[in-house]
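Engineer: Numbers given in this note's numbering equal positions in the sequence shown, counted from 1, plus 1072. Dumping the structure here so I can ask a few things about it.
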Amino acid sequence: MSYVDEVLEKVKQKNAAEPEFIQAVSEVLESIRVVIEADEDEYRRTAFLERLTEPERQIKFRVPWVDDKGQVQVNTGYRIQFNSAIGPYKGGLRFHPSVYQGIIKFLGFEQVFKNSLTGLPIGGGKGGSDFDPKGKSDNEVMRFCQSFMTELYKYIGKDEDVPAGDIGVGGREIGYLYGQYKRITNLYEGVLTGKGLTFGGSLARTEATGYGLLYLTEELLKINGIELAGKTVCVSGAGNVAIYAIQKAEQLGAKVVTCSDSTGWIYDPDGIDVPTLQEVKEVKRARLTEYQTTRPNAEYHEGKGVWTIKCDVALPCATQNELGIEDAKTLVANGCLAVCEGANMPTTLEATKYLQDNKVIFAPGKAANAGGVATSALEMSQNSERLSWTFEEVDAKLKNIMVNITHNIDAAAKKYGMEGNYVAGANIAGFEKVAQAMKAQGIV
Ligand code: NDP
Ligand code: 2IT
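Given below as structure tokens:
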């Protein structure tokens, strides 16, 4: 049996209860098979892939907090420090009831290669909790965040591990977490990114993941001789990534006609109105039904459905495995040209293969959504030098990083004879830097 297959078998056995982690590892190991097989004996002798797929450290902790009625609630907290070969652990925190170890592990694993692709010195990690911020008061969210940080602070630091936001963790949560870290440690340091602008946050971090997704999408289409302007775009999600993806797509001359949340979706034939969406989701924290009240031409539907709308470009920006094989078939039948992932692993392996087989340009999340963490690394730089760059400076650096990623994944795919396979290109390009660093650092 080849070394890659041996390790895949071991990973499946060892992590049988974590399907998302197995999915993420399978995709990466399949992609880098060609690199491993060129020097298989040495990779096997050094148990390289066993080390790559085993987190350096996994922290799991109790998070007790008191709700507004005086009832004590208990959640589980996680921080998985996956790989620090190229820099301190870096990656977001997710607060969502679906969180368990397998979700955080798959996200941490993806983060290792994503962070490598940014070209910046950041290792990979991820954390979170099964806490559901929906329907909680600000005070409840604050008490939860304070309790979460009262344990987490022991394991993080500006040169050690730097968390940020993800699903359910935005500016409000980062503020509460930062306040508690500072109170406990007495340190005013860049230990979290996505901070408010008055306490060390970076301009353009809020917009960065969505904007970066569009910079990469525009460049990838250009490489393939297609112009983004004038195209119809379907977006899923209505959170941080989705909102700023829609805004940038519209600025670049495309028309975005859909968005969705966990209960339903919007089709707006006039193009999604970003200020209305921001009011509903960022200010009121309400459901998408509210969007329709000020946009009478828009349709609201319960459940899932954004991929049924005919589009040129599809941007899944909600959550993992939200785009399955039936969705992929519908997109292809409707003439979709490109799918670029704003979320982490939103497309199933089967759907990804179907899209690629049908010549749909496919950009995997670890490349396409890397603008968020890249700008987090820019926030770390600004914190270190105690300076703040302008929006235009940060945005220009972000654009440059995304254009570089686009060309790097294209070149890596070509180098290994897989032109146009950007999944392989991203995995190989991300792997190469981490692998070099791990080899140089010995058996650790
Ligand atoms: P938010 O919490 O801001 O938004 C998430 C959106 O997706 C919401 O509209 C939410 O609906 C919807 N959603 C979440 N979970 C589900 C689910 N299980 N079923 C259906 N809809 C769901 O998160 P982000 O925008 O930050 O994150 C979106 C994706 O992007 C995630 O995969 C995340 O890992 C990834 N990502 C985020 C980055 C960042 O910088 N924030 C960077 C790179 C990737 P509702 O409004 O009802 O809650
Ligand atoms: O998935 C991701 O890259 C993020 N949630 C952002 C991580 C970060 O450290 O900014």
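Quick reminder that beta carbons are idealized off the backbone N, C-alpha and C, glycines included. Quick caveat, the model's predicted, so the values are computed rather than measured.
Between Ile1433, Thr1257, Ile1094, which has its C-alpha nearest phenylalanine 1181's C-alpha?
Structural biologist: For the purposes of this step, residue 1181 is taken as the residue at position 109 of the sequence shown. The candidate whose alpha carbon is nearest that of phenylalanine 1181 is Ile1094.
Engineer: Start and end of the alpha helix (DSSP H) containing serine 1098?
Structural biologist: Stepping through the sequence shown from its first residue, residue 1098 is reached at position 26. Unbroken alpha helix (DSSP H) run through serine 1098: 1091 to 1109.
Engineer: Using CA coordinates, which residue listed in Gly1444, Asp1204, Pro1091 is at the minimum distance from leucine 1275?
Structural biologist: Sequence index remark: in the sequence shown, residue 1275 carries index 203 (1-based). Considering only alpha carbons, the answer is Gly1444.
Engineer: If you count every other CB in all the chains shown that lies within 10 Å of the CB of threonine 1335, and 16 or more means buried, which is it?
Structural biologist: Residue 1335 sits at position 263 when you count from the first residue of the sequence shown. When all chains shown are included, threonine 1335 counts as exposed.
Engineer: Per DSSP, what are the beta-bridge partners of arginine 1134 in this structure?
Structural biologist: Locating residue 1134 in the sequence shown gives position 62, where the first residue counts as 1. Arginine 1134 is bridged to Thr1148.
Engineer: Within the present structure, is the beta-carbon of valine 1135 separated from the nearest heavy atom of ligand 1 by less than 7 Å?
Structural biologist: Indexing the sequence shown from 1 puts residue 1135 at position 63. No, the Cβ of valine 1135 stays beyond 7 Å of every heavy atom of ligand 1.
Engineer: Is it the case that the Cβ atoms of glycine 1437 and alanine 1415 are separated by a distance below 8 Å?
Structural biologist: Sequence index remark: in the sequence shown, residue 1437 carries index 365 (1-based). Sequence index remark: in the sequence shown, residue 1415 carries index 343 (1-based). Cβ atoms of glycine 1437 and alanine 1415: closer than 8 Å.
Engineer: In angstroms with no decimal places, state the Cα-to-Cα distance between lysine 1025 and alanine 1410.
Structural biologist: Past the edges of the chain, shown from 1073 to 1516, lies residue 1025, and the structure says nothing about it.
Engineer: Quick test of your reading: glycine 1149 and proline 1235, contact by CB under 8 Å. State the CB separation rounded to the nearest angstrom.
Structural biologist: Taking the sequence shown and counting its residues from 1, one reaches residue 1149 at position 77. Taking the sequence shown and counting its residues from 1, one reaches residue 1235 at position 163. 11 Å between Cβ atoms; not a contact.
Engineer: Determine the closest residue to asparagine 1430 out of Leu1403, Thr1478, Leu1450, with distance taken between C-alpha atoms.
Structural biologist: Position 358 of the sequence shown, counting from 1, holds the residue named residue 1430. When each option's Cα is compared against that of asparagine 1430, the closest is Leu1403.
Engineer: Could you tell me which whole alpha helix (DSSP H) segments of length 4 or greater appear in the segment 1452 to 1514?
Structural biologist: Counting whole runs of 4 or more residues, the segment 1452 to 1514 contains the alpha helix (DSSP H) stretches 1463 to 1487, 1494 to 1512.
Engineer: For valine 1106, collect the residues of the same chain with a Cβ closer than 7 Å to its Cβ; drop the 5 residues on either side in sequence, then sort them by chain order.
Structural biologist: Translated into the one-based positions of the sequence shown, residue 1106 becomes position 34. Same-chain partners within the cutoff: Tyr1488.
Engineer: Who pairs with alanine 1439 in a beta bridge, going by DSSP?
Structural biologist: The residue you call residue 1439 lines up with position 367 of the sequence shown. The partner list for alanine 1439 (beta bridge, DSSP) is empty, contrary to what the question assumes.
Engineer: Pick helix, strand or coil for asparagine 1312, following the three-state DSSP scheme.
Structural biologist: Translated into the one-based positions of the sequence shown, residue 1312 becomes position 240. Helix, per DSSP.
Engineer: Name the DSSP bridge partner or partners of proline 1388?
Structural biologist: Looking up residue 1388 in the sequence shown gives position 316. According to the DSSP secondary-structure assignment, proline 1388 is paired through a beta bridge with Ser1308.
Engineer: If I measure Cβ to Cβ from valine 1097 and keep anything under 6 Å in the same chain, skipping five residues before and after, which residues do I get?
Structural biologist: Here the question's residue 1097 lines up with position 25 in the sequence shown. Same-chain partners within the cutoff: Val1083, Thr1125.
Engineer: Cβ of valine 1506 within 7 Å of any heavy atom in ligand 2?
Structural biologist: Residue mapping note: residue 1506 aligns to position 434 of the sequence shown, counting from 1. For valine 1506, the shortest C-beta to heavy atom distance toward ligand 2 is 7 Å or greater.
Engineer: Say the cut is 7 Å; is the CB of threonine 1265 nearer than that to a heavy atom of ligand 2?
Structural biologist: Along the sequence shown, read from residue 1 onward, the residue named residue 1265 stands at position 193. Checking every heavy atom of ligand 2 against the Cβ of threonine 1265, one is found closer than 7 Å.
Engineer: Specify the secondary structure class of tyrosine 1260 as computed by DSSP and reduced to three states.
Structural biologist: Locating residue 1260 in the sequence shown gives position 188, counting from the first residue. Coil at tyrosine 1260, not helix or strand.
Engineer: Is the beta carbon of aspartate 1162 sitting closer than 8 Å to the one on glycine 1191?
Structural biologist: Here residue 1162 corresponds to residue number 90 of the sequence shown, with the count starting at 1. Here residue 1191 corresponds to residue number 119 of the sequence shown, with the count starting at 1. Per the sequence shown, the amino acid found at residue 1162 is lysine instead of aspartate. No, these two residues do not count as a Cβ contact at 8 Å.
Engineer: Tell me the residue span of the alpha helix (DSSP H) that contains leucine 1421.
Structural biologist: In the sequence shown, the residue the question calls residue 1421 occupies position 349. Unbroken alpha helix (DSSP H) run through leucine 1421: 1421 to 1429.
Engineer: Distance, Cα to Cα, alanine 1280 vs tyrosine 1287?
Structural biologist: For the purposes of this step, residue 1280 is identified with residue 208 of the sequence shown, where counting begins at 1. For the purposes of this step, residue 1287 is identified with residue 215 of the sequence shown, where counting begins at 1. A direct Cα-Cα distance of roughly 10 Å separates alanine 1280 from tyrosine 1287.
Engineer: According to DSSP, is glutamine 1143 helix, strand or coil?
Structural biologist: Position 71 of the sequence shown holds residue 1143. The answer is coil: DSSP assigns glutamine 1143 none of H, G, I, E or B.
Engineer: With a CB to CB cut of under 7 Å and the five nearest residues on each side skipped, what residues in its chain are close to aspartate 1111?
Structural biologist: What you label residue 1111 is simply residue 39 of the sequence shown in a count that begins at 1. Answer for aspartate 1111: no residue qualifies.
Engineer: When you compare the segment 1251 to 1271 with the segment 1291 to 1302, are there three or more beta-carbon pairs, one atom per stretch, that lie closer than 8 Å?
Structural biologist: No contact exists between the segment 1251 to 1271 and the segment 1291 to 1302.
Engineer: Sort Ala1386, Asn1187, Ala1310 by Cα distance to alanine 1498 and report the nearest one.
Structural biologist: Taking the first residue of the sequence shown as 1, we reach residue 1498 at position 426. For alanine 1498, the nearest C-alpha among the options comes from Asn1187.
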